[in-house]
Structures are given as C-alpha cells and as structure tokens.
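*Asks:*
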Amino acid sequence: MDPQVAEALRRVQAAVSEAEASMQRLHTLPSARLPTVWDRALRALRPAAQYAALAAACAAMHSLGAAVRVLGSLSVGLGVAWYGLRRSSLSPSGAAAAALLGGATLAASFRSGLLLLTFFFTSSKITQLGEELKDVDEDHKKGGQRDWRQVFCNALVPTCLALAAAYYSGGGADLALGEAAPAAASASGGGVAGLTRLLTGLHAAFLGYYACCCGDTWSSELGQLSPEQPRLITTLRPVQKGTNGGVTLLGLAASVAGGLTMGLTFWLCTLASPAGSGLAGPAARQRQLLALGIAAGLVGSLIDSLLGATIQFTGYNVVTKKLTGRPGPDVSPIGGLSILDNNAVNLVSACATAALTAATALALFP
Numbered sequence: 001m002d003p004q005v006a007e008a009l010r011r012v013q014a015a016v017s018e019a020e021a022s023m024q025r026l027h028t029l030p031s032a033r034l035p036t037v038w039d040r041a042l043r044a045l046r047p048a049a050q051y052a053a054l055a056a057a058c059a060a061m062h063s064l065g066a067a068v069r070v071l072g073s074l075s076v077g078l079g080v081a082w083y084g085l086r087r088s089s090l091s092p093s094g095a096a097a098a099a100l101l102g103g104a105t106l107a108a109s110f111r112s113g114l115l116l117l118t119f120f121f122t123s124s125k126i127t128q129l130g131e132e133l134k135d136v137d138e139d140h141k142k143g144g145q146r147d148w149r150q151v152f153c154n155a156l157v158p159t160c161l162a163l164a165a166a167y168y169s170g171g172g173a174d175l176a177l178g179e180a181a182p183a184a185a186s187a188s189g190g191g192v193a194g195l196t197r198l199l200t201g202l203h204a205a206f207l208g209y210y211a212c213c214c215g216d217t218w219s220s221e222l223g224q225l226s227p228e229q230p231r232l233i234t235t236l237r238p239v240q241k242g243t244n245g246g247v248t249l250l251g252l253a254a255s256v257a258g259g260l261t262m263g264l265t266f267w268l269c270t271l272a273s274p275a276g277s278g279l280a281g282p283a284a285r286q287r288q289l290l291a292l293g294i295a296a297g298l299v300g301s302l303i304d305s306l307l308g309a310t311i312q313f314t315g316y317n318v319v320t321k322k323l324t325g326r327p328g329p330d331v332s333p334i335g336g337l338s339i340l341d342n343n344a345v346n347l348v349s350a351c352a353t354a355a356l357t358a359a360t361a362l363a364l365f366p
C-alpha cells in the first residue's frame, strides 16, 4: 500500500476514534441526560423553596430589633431589585425604584413585605408565560420590563399605607382587622376606637391595593392567552387581543385567583407574623379576608377595564401593525378617549379599590 494512503487511513481512523470518545463523554454530561421525574419535581419546587427561605429570613429580621429589621429590609429590597433586573422583569430605573419602595415596605412590617414579594414574584412569572403571543402592543417589552413609573404606580401608595400603619400601631404590629393596637393601651374611650378603625382602614386599603394590582396583572397577562376573542366591557363587541377594556372569561378568572392569592397571603402572614397575635388572636377567625381579597381582585380588574375602555386611548398603527396607546397620523382609533395613559389607569383603579376595600373592612370588622 502506498505510504501516503496508509498515513491518510491512519489519520482517518484516529479521527473516528477521537469522535467516538467525544460522543461518549458528551453522553455522560449532566446536561445530556433526559430529565427524570425527580429533576422535574425539584425544578417545580425550587421557586416555592426559595420563597419559603425568603419568608423565613423576613420573619427573622422582624424578630431581632429595629436595626436588624431596617438593614435586612434594605438588603432584601436590593436583592429583589437585582433579581428583577436580571430576569428582565424590571428596567434599571424600575429596579432602583423597586429597591427603594421594596425596602421601605419590608421594613414597615412582615405582612406588608410578604404581600409585596408575593405580588412581585407571582406576577413576574405569569408575565413571562406565552410571551411570544403577547407582542401585539408597541409598548410590549420582553419579560414585561417595568420602569420606575410603573413601579411607583403599583407600589408608592401601598408603601405609604404600610408606613402609616407601622407608625400608628407603635412599631409595625401585624394586627388583625378590628384588633386594637398596643399603642391604644395609653388611649382611652373614643381614642382607642378611633385608632383601631384607622388601622383597620389602613391595613385593608393595603390589601385592596395589591389585590387590585395582582388581579389586574394576572387578568391582563393570562387573558391574552385565552382562545376566545376579548369583548369590550362597555359594549360587549369583539375586539382585538390587547385592546384596553377587553375582557375574557379566563382573564376574569385570573383576576379572582390573583385577589385570592393576596387575601390568603394577608391572612396567613397575620397568623405567622412575629408581630401578630398568632393563632390565639382574632385573625384565626377572619376567613372573610379571602373573600375580601377575591372581591378586590375582581372589582379592581373591572374598574381598570372600564377606565381603559372609556378614558384610555387604543389605536392600531398601520405602519408597525401593532396596537398603540398614542394617537398619531398613522394610527386608526379603536376606542377610548386620550385622557389617561396605562400607568394612570392602574393608579386610579388601585386607589379606588383600596378605598372600597377599606370601607368594606370597616363595616365587616367594626
């Protein structure tokens, strides 16, 4: 055999052997294995375990004094903001606003912080579901990136409510609705009743605000994945997916689920809080909080849709082939007056829901 041919065959055989060895190494890599049932279970349980660890850390912070609570809350706020930035749930300006408002809310009380974290993490996950089907609006951003305006509209008012409740309760007590604060012990007569009603209103308004935000977010994000065509809430005529004021049965069910999640979190955190009265207190009997959360989530979403259909502009840009909230020469109007933008609609609907929830709670828990 010609020496050159023999050398070429030797090289080919060596290359084939090396390729077979590489394939064998590839099959032994963890990433090359098909996921087992155990792997899938761990992947599903990881977010819940992370949330439980974060809740335990928050409980520890609120058990170790004011200095630890403030420093720990600021650290958790920064960590959550960084998480949101890395996952594209927040823009840089949104992350800065989230760190500020998140830290303040976490410092106000254990319950207020956990309610905020539950809203943020669940809504961020739901926003990323079916993302490729939601790119029908000019303002759509990958991951649902929220900027500082959206963060402030969702979190500034409830942060003020949480801080006010912490101040009037004498240090962040997670009271059941209608329960007298420790600070009321030095008051007398009408002073006790007045302070108790004030705190009940503040706590209920906080719940109502986030139940509205959560219900509306879940409704908007999951409603777009519904196979049925949305209908305008004011006229029930079919409209394009993503149109302001459009509703679906799936979206309405999602708003109920979002409100229930907030109500359940509020109730469980009242029972588990280091600054609460625990299972022996009146909170153990306040299962009405679940219904209050459901009502706030559904009513808040309906208010948002009603405002969106009437005083928030929706048009179709014939150039970009997408929906838009800004009138222009290339935009065909679909509905709504150009009075409020989406951020303002969210703020108004959440404030209205917070006020309605506070009024309802004052009637239920005198």
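Residues in the sequence shown are numbered consecutively from 1, following this note's numbering.
No residue lacks a Cβ here, since even glycine has one placed at the ideal position from N, Cα and C.
Remember, predicted model here, so these are calculated numbers, not experimental data.
#1: Would DSSP call GLY263 helix, strand or coil?
#2: Give me, in chain order, the residues of the same chain whose beta-carbon lies closer than 6 Å to that of SER273; leave out the 5 immediate sequence neighbours on both sides.
#3: Ordered along the chain, which non-local residues of its own chain (more than five positions away) have a Cβ less than 6 Å from that of ALA363?
#4: So for PRO329, helix, strand or coil by DSSP?
#5: Quick check: the Cα distance between ALA108 and ALA166, rounded to an integer number of angstroms?
#6: Nearest by alpha-carbon distance to ARG231: which of ALA354, THR248, LEU101 is it?
#7: Buried or exposed for GLN228, please, with buried defined as at least 16 other CB atoms from any protein chain shown within 10 angstroms of its CB.
#8: Apply the 10 Å Cβ neighbour rule to GLN150 and answer buried if 16 or more other Cβ atoms are within range, or exposed otherwise.
#9: For a test of the three-state rule: what should DSSP assign to ILE126, helix, strand or coil?
#10: My output table needs one value for GLY315: the three-state DSSP class, helix, strand or coil.
#11: Once the 5 residues before and after LEU114 are set aside, which same chain residues still bring their CB inside 7 Å of it?
#12: Going along the chain, which residues of its own chain have a beta-carbon closer than 7 Å to the beta-carbon of GLY246, five neighbours each way excluded?
#13: Among GLY215, GLY194, LEU106, GLY191, which has the Cα closest to the Cα of LEU161?
#14: Closer than 8 Å by C-beta to ALA95: which residues in its own chain qualify, once you throw out the five before and the five after it? Chain order, please.
#15: Just verifying my parser: in three-state terms, what is the DSSP assignment at SER188?
#16: Can you check the segment 36–94 for any alpha helix (DSSP H) of at least 4 residues that lies completely inside it and give the ranges in chain order?
*Replies:* Short version:
#1: For this step, residue 263 is matched to residue 263 along the sequence shown. In the structure shown, GLY263 sits in a helix (DSSP, three-state: H, G or I).
#2: Within the sequence shown, the letter at position 273 stands for residue 273. Taken in chain order, the residues that qualify are PHE110, ARG111, ASP174.
#3: Along the sequence shown, one-based indexing puts residue 363 at 363. Correct list: empty, nothing qualifies.
#4: To locate residue 329, count along the sequence shown from 1; it is residue 329. In the structure shown, PRO329 sits in coil (DSSP, three-state: anything other than H, G, I, E or B).
#5: The count along the sequence shown starts at 1 and reaches residue 108 at position 108. The count along the sequence shown starts at 1 and reaches residue 166 at position 166. Each residue's Cα considered, the two are about 6 Å apart.
#6: As a working note, residue 231 is residue 231 in the sequence shown. The residue with the shortest Cα to Cα distance from ARG231 is THR248.
#7: For the purposes of this step, residue 228 is taken as the residue at position 228 of the sequence shown. Per the sequence shown, residue 228 should be read as Glu rather than Gln. Exposed: under 16 other Cβ atoms inside 10 Å.
#8: The residue given as residue 150 occupies position 150 in the sequence shown. That one is buried.
#9: Counted from its first residue, the sequence shown places residue 126 at position 126. DSSP places ILE126 in helix when its eight states are reduced to three.
#10: If you number the sequence shown from 1, residue 315 lands on position 315. Note: GLY315 maps to strand in three-state DSSP.
#11: Against the sequence shown, residue 114 aligns to sequence position 114. Around LEU114: ALA55, CYS58, THR265, CYS269.
#12: Here the question's residue 246 lines up with position 246 in the sequence shown. For GLY246, where only same-chain residues beyond five positions count, the Cβ hits under 7 Å are PRO230, ARG231, LEU232, VAL239.
#13: Working through the sequence shown from its first residue, we reach residue 161 at position 161. Selected option, being the one with the closest Cα: LEU106.
#14: Residue numbering aside, residue 95 sits at position 95 when the sequence shown is read from its first letter. So the list reads ALA81, TRP82, GLY84, LEU85, once near-sequence residues are dropped.
#15: Position 188 of the sequence shown, counting from 1, holds the residue named residue 188. Only weak support is given to the placement of SER188: the predicted model assigns it a pLDDT of 46, under 50, and the question is left unresolved by the model.
#16: 37–61, 66–86
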